[in-house]
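So for the sequence shown, our numbering puts the first residue at 228; every next one is plus one.
Even for Gly, the Cβ is constructed at its ideal location relative to N, Cα and C.
Remember, predicted model here, so these are calculated numbers, not experimental data.
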Amino acid sequence: MTQFRTMLSILRKASVVWLATVVVALAFPVHSLAALFDRGNGMIYDSEIDVLWLSDGNLALTNNFGVLGITTAGSMEWTTAKNWIAALNAAHYKGYADWRLPFTTQPDPSCSGQVGIVSYGYQCSGGELGHLFYQVFGGTPGSTIGTGNPSIEPITNIGTSYIYWSATEYYPGANIAWGFFFSGGFQYIYPAENFGYAWAVRDGDVAVVPEPPILVLVLLACSLYALRVVRPTLPFFDARLR
228 MTQFRTMLSI
238 LRKASVVWLA
248 TVVVALAFPV
258 HSLAALFDRG
268 NGMIYDSEID
278 VLWLSDGNLA
288 LTNNFGVLGI
298 TTAGSMEWTT
308 AKNWIAALNA
318 AHYKGYADWR
328 LPFTTQPDPS
338 CSGQVGIVSY
348 GYQCSGGELG
358 HLFYQVFGGT
368 PGSTIGTGNP
378 SIEPITNIGT
388 SYIYWSATEY
398 YPGANIAWGF
408 FFSGGFQYIY
418 PAENFGYAWA
428 VRDGDVAVVP
438 EPPILVLVLL
448 ACSLYALRVV
458 RPTLPFFDAR
468 LR
């Protein structure tokens with residue numbers, strides 16, 4: 228009977244450890260890289276490069292924030308794109324004032340074209356727009372990633388008629404900036420007078436609050452463990468016939 232009680236004690240301890248393991252797994256899930264997480268309120272978190280995108284890839288189409296020079300397609304010159312971003316920040320859009328245009332990495336060894344320290348062409352996944360196209364959405368050179376493609380959910384309104392402007396200038400004062408095509412996955416430099424879309428992004432994530440069900444499980448596990456610890460030891464009765 229001593230062995231039985233010992234085994235019962237081991238099983239009880241194992242059950243508590245198992246429950247605690249389940250709770251931890253639920254509370255801190257392991258996510259794959261290059262994944263997008265819907266944070267609500269029109270914002271999407273990219274876990275691999277630690278940035279927060281607007282879920283609307285062409286917000287300027289429906290909200291110009293009072294900035295002139297935006298076409299009915301939502302496209303604009305590079306300077307106008309920077310002004311539009313500044314207007315978002317002035318309005319503390321979504322509660323933030325640090326929105327920006329995406330960065331383009333230079334040099335970028337992943338690009339198909341290399342001239343000195345300048346990287347261009349297809350397969351450019353080092354920049355933030357190229358990362359979305361190739362790493363997150365699974366685009367390939369020549370393919371189009373736009374609205375209606377299930378691989379971009381929960382992002383909407385990705386434009387494919389124009390480039391997407393980058394915040395990165397070709398060189399200071401050049402009035403030439405990097406742009407990225409979601410119709411083809413091509414990265415190149417374009418005069419600032421060209422028209423392109425503007426997609427707002429910011430560094431970091433939103434503050435994530437644990438979901439109530441997770442908290443309930445944590446409390447349940449703690450309660451069970453406490454009961455196991457403080458439960459009095461009952462006297463053992465030998466039920467065998469004497």
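N310 sits away from N384, with the two beta carbons spaced by 7 angstroms or more.
With distances taken between CA atoms, G369 lies nearest to T387 out of N290, T387, I379, I382.
The bridge partners DSSP lists for P329 come to none. Nearest C-alpha to T289 among W280, H319, S302, V278: S302.
Cβ contact annotation for G373 (same chain, cutoff 8 angstroms, sequence separation greater than five): I379, I385, G386, T387, F409, S410, in chain order. According to DSSP, S346 shares a beta bridge with Q341. The segment 264–288 is shown to contain no whole alpha helix (DSSP H) run of 4 or more residues. In this structure, A394 lies away from L315, with their beta-carbon atoms at least 7 angstroms apart. Secondary structure of T307 (DSSP, three-state): helix. Under DSSP, S410 takes part in a beta bridge, and its partners are T371. In this structure, P381 lies near S282, with their beta-carbon atoms less than 7 angstroms apart.
Spanning the alpha carbons of Y389 and G412 requires a straight line of approximately 12 angstroms. In this structure, A313 sits away from I297, with a CB-CB distance that is not shorter than 7 angstroms. Between Y272 and E355, the alpha-carbon positions lie close to 13 angstroms from each other. Listed in chain order, the non-local C-beta contacts of V294 below 6 angstroms within the same chain comprise N310, W311, A314, local neighbours out to five positions each way being set aside. Excluding five sequence positions before and after T332, the CB atoms of its chain that fall closer than 6 angstroms to its own CB belong to G353, G354, given in chain order. As a beta-bridge residue in DSSP terms, P418 pairs with I403. Boundaries of the beta strand (DSSP E) around S393: 390–396. If you compare the alpha carbons of F364, W280, Y320 with that of R429, the shortest gap goes to W280. Here S339 has G348, Y349, Q350 as same chain residues with Cβ atoms under 7 angstroms from its own Cβ, once five neighbours each way along the sequence are excluded. Membership of V428 in the beta strand (DSSP E) is indicated by the continuous run 428–430.
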